[in-house]
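S.K.: The structure is given below, and queries will be raised subsequently.
Chains as they are written, first to last, in the UniProt record's numbering: chain A, 1 to 313; chain B, 1 to 313.
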């Protein structure tokens, strides 16, 4: 690596001093890859991500295997991660059956996934928004009883492929409902990547006005239109300290029509470290991990930082 | 295009209401492409960019053809653009010989290019920083006499591949020198794409303290590490209203070691329009132009917005 291998650390005003990256590559990423990755490779991937300093590595999903065949091996995978503290390994849980499976394996952190729009709730869950919330209610009640931490993912917070721009009040309503059901934190998803920084700051302000503290909000941006990092910077300025990202940008082939384009963790870490914000992540180890995973998948990573750093080696 | 085809317009606080995009695809972009593009295609490209509403389209370079063979046809190209107002068509001029050629063709807007670091001045111009400034002095004096508008490009304002992070005071010194020589505006270049938003805001503040008004500053970010749009947002917050970008991200193959990664104009326009900032650019026409140019070059565009929009058609 040359002398230019790291950015100059220059803090912008009013930003948090530390950000917790919620790594979604092993779940949201691999779930959207065409290649089904062997269980042992997944386990090594998660171990390497945890070893690179990522505090939270979403591990898998307990959705019915019929819907997500890429993650059908949750029962085989989770025991292979036994040396990582369970609170670092959230898992996706759609319903009570999924919760049973997760609890049986010792999961201590789960996530449910709702939608801010009716169109996506119908497409993804075959339910209305309110029917989906009703489905989560017993999951959340039982999770609370078991003292399990619950994250609520909310898709389509900014735009929706069928409905277009999503009104801020509509997103706020569903956020409020998820918190009232007992979610400990929310992840605001720009599932199709259309948001811009002003929209992000206005949604966050509207949530604050509705009584939701920023400390309970994470952001989950997609880079479909190249906006993810600008939106993240806008969210940091609002005080957000939890940011979702996917190692190597896993989760959407940049050359395919279906590109979902998760924000690449490497691009995020580059910005955060340049801003003097602590993450605990070792960028070299993270980059090596994503290069290794890209080879296992047989396709190049869309992360720009990853490409720039790995070409220098 | 679906209902999601445009972002919701939500203005962030304190941003300019209008931004002038300085389009560099036909010069900075094509100069760095391996393919030498026929003169007629270049002329059509520039016409289409101007017709798409880009107010300024950098047209070509009067550097010696030996150094930039891709732009050796400046004398043939410029007359083909006669129906576009010359003040919309800046050209690059390295020295008095280049100025003679540009003036003979009726150019009314030129750009010189300096370096904030000694290493790059040596590599690019085979001169020290101060020797390069001395070379520009008579060019600027004569341009002023001819009432020609002069932009000063400054490379390596943030980081340098040999020297690493560039001290802010060093960049400020060379900016000041270029303005004192008579430059009407400066373009602050992050040539290797390592800058992060705090660094951008601190450099702009330091320039203001040194007596340089923001109105004379443009920014020129590269997306090598994915930071270009976040840095642009930070610059807008500081009041910058001139932003350089390259149609389709031309100017660095994303798959090659030499990737320079100009910020794609489409990604920039998506953000600006989402922020409710006027640009005068018709995104559909711009996208169609970049798709056409990518076909002429025989390679896909690295612009994410371009890919997202063109896949929907």
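Note that the Cβ used here is the ideal one computed from N, Cα and C, for glycine as well.
#1: Have a look at the DSSP bridge pairing and note the partners of residue 109(A).
#2: Can you round the beta-carbon distance between residue 235(B) and residue 219(B) to whole angstroms, since I take them to be within the 8 Å contact cut?
#3: With burial defined as no fewer than 16 other Cβ atoms inside 10 Å of the residue's Cβ, what is the status of residue 15(A): buried or exposed?
#4: Between residue 276(B) and the ligand ZN, is there a pair consisting of the residue's CB and a ligand heavy atom that are separated by less than 8 Å?
#5: Can you grab the Cα-Cα spacing for the pair residue 186(A) / residue 133(A), in whole Å?
#6: By how many angstroms is the C-alpha of residue 33(B) removed from the C-alpha of residue 41(A)?
#7: Figure out for me which residue from 302(A), 165(A), 281(A) has the closest Cα to the Cα of residue 261(A).
#8: For residue 249(B), which beta-bridge partners are listed by DSSP?
#9: Since residue 192(A) and residue 161(A) should fall inside the 8 Å C-beta cutoff, what is the C-beta to C-beta distance between them, to a whole number of angstroms?
#10: Short check: CB of residue 90(A) to CB of residue 22(A), under 9 Å?
#11: Could you check whether the Cβ of residue 291(B) sits closer than 9 Å to any Cβ belonging to chain A?
#12: Answer yes or no: does any C-beta atom of chain A fall closer than 9 Å to that of residue 19(B)?
#13: Going by the DSSP bridge assignment, what does residue 21(A) pair with across the sheet?
#14: The beta strand (DSSP E) spanning residue 187(A) covers which residue range?
#15: In the region 291-306 of chain B, which residues sit with their C-beta less than 8 Å from some C-beta in chain A, listed in chain order?
#16: Give a yes or no on whether 9 Å exceeds the smallest Cβ distance from residue 76(A) to chain B.
#17: For residue 159(A) and residue 8(B), what's the separation of their Cα atoms in angstroms?
#18: What is the rounded straight-line gap between the Cα of residue 47(A) and the Cα of residue 81(A)?
#19: Using CA coordinates, which residue listed in 184(A), 56(A), 243(A), 274(A) is at the minimum distance from residue 202(B)?
#20: Expressed to the nearest angstrom, what Euclidean distance is found between the alpha-carbon atoms of residue 129(B) and residue 157(A)?
#21: Checking contacts by CB at 9 Å: is residue 227(A) closer than that to chain B?
#22: Strictly under 9 Å for the Cβ-Cβ distance: is residue 130(A) near chain B by that measure?
#23: At 9 Å on the CB atoms, spell out the chain B contacts of residue 158(A), in chain order.
#24: What's the gap between the Cα of residue 322(B) and the Cα of residue 150(B)?
#25: Between the Cα of residue 38(B) and the Cα atoms of 68(B), 77(B), 29(B), which residue gives the shortest distance?
#26: Check whether the Cβ atoms of residue 224(A) and residue 194(A) lie closer than 9 Å to each other.
#27: Please classify residue 243(A) as buried or exposed, where buried requires at least 16 neighbouring CB atoms within 10 angstroms.
#28: Measuring alpha carbon to alpha carbon, tell me which residue in 96(B), 217(B), 139(B) is nearest residue 154(B).
#29: Beta-carbon within less than 8 Å of residue 238(B)'s beta-carbon, same chain only, minus the 5 sequence neighbours each way: which residues are those?
#30: Please list the partners that residue 247(A) has in chain B, where partner means a Cβ-to-Cβ separation under 8 Å.
#31: DSSP puts residue 296(A) in a beta bridge; with which residues?
#32: What does DSSP give as the partner residue(s) for residue 264(B) in the beta ladder?
#33: Tell me where the alpha helix (DSSP H) around residue 172(B) begins and ends.
#34: Using a 10 Å radius around the Cβ and a threshold of 16 neighbouring Cβ atoms, would you call residue 67(A) buried or exposed?
#35: Can you check whether the CB of residue 269(B) is closer than 9 Å to the CB of residue 283(B)?
#36: So, under 8 Å CB-CB, residue 310(A) and residue 247(A) are touching, yes? Tell me the CB distance rounded to an integer number of Å.
M.R.: On the basis of the coordinates in this document:
#1: Under DSSP, residue 109(A) forms a beta bridge with 149(A).
#2: Confirmed, about 5 Å.
#3: Buried, by the Cβ-count rule.
#4: Only the bare structure without any ligand can be found here, which leaves the ligand ZN out of the picture.
#5: Distance between the alpha carbons of residue 186(A) and residue 133(A): 14 Å.
#6: Straight-line Cα distance between these residues: approximately 38 Å.
#7: Residue 302(A) is the option with its Cα nearest to residue 261(A).
#8: Partner residues in a beta bridge of residue 249(B), as assigned by DSSP, do not exist.
#9: So it is a contact: roughly 6 Å between Cβ atoms.
#10: Yes. Within cutoff.
#11: No, because no Cβ of chain A sits closer than 9 Å to the Cβ of residue 291(B).
#12: Using a Cβ-Cβ cut-off of 9 Å, residue 19(B) does not count as an interface residue toward chain A, since no Cβ of chain A sits closer than that to its own.
#13: 243(A), per the DSSP bridge assignment.
#14: Run containing residue 187(A): 185-190, per the beta strand (DSSP E) assignment.
#15: Listed by position along the chain: 300, 303, 304, 305.
#16: With 9 Å as the cut-off, residue 76(A) does not count as an interface residue toward chain B.
#17: C-alpha of residue 159(A) to C-alpha of residue 8(B): approximately 8 Å in a straight line.
#18: Those two C-alpha atoms are separated by around 7 Å.
#19: Nearest of 184(A), 56(A), 243(A), 274(A) to residue 202(B), Cα basis: 274(A).
#20: One alpha carbon belongs to residue 129(B), the other to residue 157(A), and they sit about 50 Å apart.
#21: Yes, because at least one Cβ of chain B sits closer than 9 Å to the Cβ of residue 227(A).
#22: By the rule that beta-carbons nearer than 9 Å mark a contact, residue 130(A) does not touch chain B.
#23: Per Cβ cutoff of 9 Å: 7, 8.
#24: Outside the modelled stretch of chain B, which goes from 1 to 313, sits residue 322(B), for which no answer is possible.
#25: Cα-wise, what sits closest to residue 38(B) is 77(B).
#26: Contact flag set, yes.
#27: Residue 243(A) is buried by the Cβ-count criterion.
#28: Among 96(B), 217(B), 139(B), the Cα nearest to that of residue 154(B) is on 217(B).
#29: Same-chain partners within the cutoff: 200, 201, 204, 205, 214.
#30: Here the premise fails: no neighbours, minimum Cβ distance about 14 Å.
#31: Note: residue 296(A) is not bridge-paired with any residue in the DSSP secondary-structure output.
#32: 246(B).
#33: Segment 168-181, the alpha helix (DSSP H) holding residue 172(B).
#34: Only exposed fits residue 67(A), as fewer than 16 other CB atoms lie within 10 angstroms of its CB.
#35: Yes; because the gap between Cβ atoms is below 9 Å, this pair is in contact.
#36: Going by Cβ atoms, the distance from residue 310(A) to residue 247(A) rounds to 13 Å, so no, they are not a contact pair.
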